[in-house]
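Visitor: Residue numbers (the numbering used here): 6 to 222. Quick reminder that beta carbons are idealized off the backbone N, C-alpha and C, glycines included.
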């Protein structure tokens, strides 16, 4: 089981130092959903991955990159507006990942990284029982996954998983015909992924949109 520790960060945007809680690495996997969300024993990692600067509100995973001057200007203007409404740092996991997604878009990050941030925002919405935002962020994650595939941003070795995720998100959004189409496009030699596609395609055929888990055996 992981434990919380305090780690020091230097904000990539304003350059100020701040401390935030980090969950020490844990390998105690408890369960994994069919959209690849991982659950650990004890405290869950989702709440401790994003670190928002308490001074300017800029959010990132590690704060270990450099911003261009153009990024600094655009992000500063955006965050000044947002922080007037929510306060620097955000008030919930949903706010943190929503902020991260918007920042990634403004930084023109790869589509799959934007999709991943939106996926996590959707998981946070699930945890907080916010069905509307869960749907919204799953739709946005799907949009960027499809964009990444259409623009050939996804390396060939990762395309089967991205294609599967497009199918699974469509299923979770009750778009069952679209889900089946995407599942049928998955071409892989990975037997586990093949098995997962068959399982989720069967759920789509049965018009089942609920969450499901990856079998442990």
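Could you tell me the alpha carbon to alpha carbon distance between residue 179 and residue 216, rounded to whole angstroms?
Guide: Along the chain shown, read from residue 1 onward, the residue named residue 179 stands at position 174. Along the chain shown, read from residue 1 onward, the residue named residue 216 stands at position 211. Cα to Cα, residue 179 sits roughly 11 Å from residue 216.
Visitor: Ends of the beta strand (DSSP E) at residue 181?
Guide: Taking the chain shown and counting its residues from 1, the one referred to as residue 181 is at position 176. Note, residue 181: premise wrong, no beta strand (DSSP E); alpha helix (DSSP H) at 181–189.
Visitor: Taking C-alpha atoms, which residue in 164, 117, 122, 98 lies nearest to residue 133?
Guide: Looking up residue 133 in the chain shown gives position 128. Nearest C-alpha to residue 133: 98.
Visitor: Report yes if the C-beta distance between residue 141 and residue 171 is below 8 Å; otherwise report no.
Guide: As a working mapping, residue 141 is identified with position 136 in the chain shown. As a working mapping, residue 171 is identified with position 166 in the chain shown. No. Outside cutoff.
Visitor: Residue 27 to residue 71, Cα distance in whole Å?
Guide: Here the question's residue 27 lines up with position 22 in the chain shown. Here the question's residue 71 lines up with position 66 in the chain shown. Going by the C-alpha atoms only, they are around 22 Å apart.
Visitor: Quick one: Cα of residue 155 to Cα of residue 36, how far?
Guide: Walking along the chain shown from the start, residue 155 turns up at place 150. Walking along the chain shown from the start, residue 36 turns up at place 31. Residue 155 and residue 36: Cα-Cα distance of roughly 31 Å.
Visitor: Nearest to residue 40 by CA position, among 14, 185, 175, 192, is which residue?
Guide: The count along the chain shown starts at 1 and reaches residue 40 at position 35. Ranking the options by Cα distance to residue 40, first place goes to 175.
Visitor: Is there a C-beta anywhere in chain D that falls below 8 Å from the one on residue 165?
Guide: In the structure shown, chain D cannot be found, because there is only a single protein chain.
Visitor: Name the DSSP beta bridge partners of residue 26, please?
Guide: Locating residue 26 in the chain shown gives position 21, where the first residue counts as 1. Paired residues: 11.
Visitor: Taking only three categories from DSSP, how would you classify residue 219?
Guide: In the chain shown, counting from the first residue as 1, residue 219 sits at position 214. Reduced to three states, the DSSP call for residue 219 is coil.
Visitor: Can you check which of these residues, 151, 162, 197, 194, is closest to residue 183 by C-alpha distance?
Guide: For the purposes of this step, residue 183 is taken as the residue at position 178 of the chain shown. Ranking 151, 162, 197, 194 by Cα distance to residue 183 puts 151 first.
Visitor: Determine the direct distance from the alpha carbon of residue 11 to that of residue 121, and round the result to whole angstroms.
Guide: As a working note, residue 121 is residue 116 in the chain shown. As a working note, residue 11 is residue 6 in the chain shown. Approximately 25 Å between the Cα atoms of the pair.
Visitor: Between the C-alpha atoms of residue 181 and residue 191, what's the straight-line distance to the nearest angstrom?
Guide: Here residue 181 refers to the residue found at position 176 when the chain shown is read from its first residue. Here residue 191 refers to the residue found at position 186 when the chain shown is read from its first residue. Rounded to the nearest angstrom, the two C-alpha atoms are 16 Å apart.
Visitor: Whose CA, out of 47, 9, 43, 73, lies closest to the CA of residue 236?
Guide: Absent from the model: residue 236. The displayed extent of the chain is 6 to 222, so no value can be given.
Visitor: Express the C-alpha separation of residue 167 and residue 220 in angstroms, rounding to a whole number.
Guide: Against the chain shown, residue 220 aligns to sequence position 215. Against the chain shown, residue 167 aligns to sequence position 162. Taking the straight line joining both Cα atoms gives about 20 Å.
Visitor: Can you tell which of 118, 165, 59 has the C-alpha that lies nearest to the C-alpha of residue 199?
Guide: Within the chain shown, numbered from 1, the residue matching residue 199 stands at position 194. Nearest C-alpha to residue 199: 165.
Visitor: Please report the Cβ distance between residue 80 and residue 63, rounded to the nearest whole angstrom; I am assuming they are in contact, meaning their Cβ atoms lie under 8 Å.
Guide: Within the chain shown, the letter at position 75 stands for residue 80. Within the chain shown, the letter at position 58 stands for residue 63. Right, their Cβ atoms sit about 6 Å apart.
Visitor: When DSSP builds the beta bridges, which residues end up paired with residue 209?
Guide: Residue mapping note: residue 209 aligns to position 204 of the chain shown, counting from 1. Looking at the DSSP assignment, residue 209 forms no beta bridge with any residue, so it has no partner.
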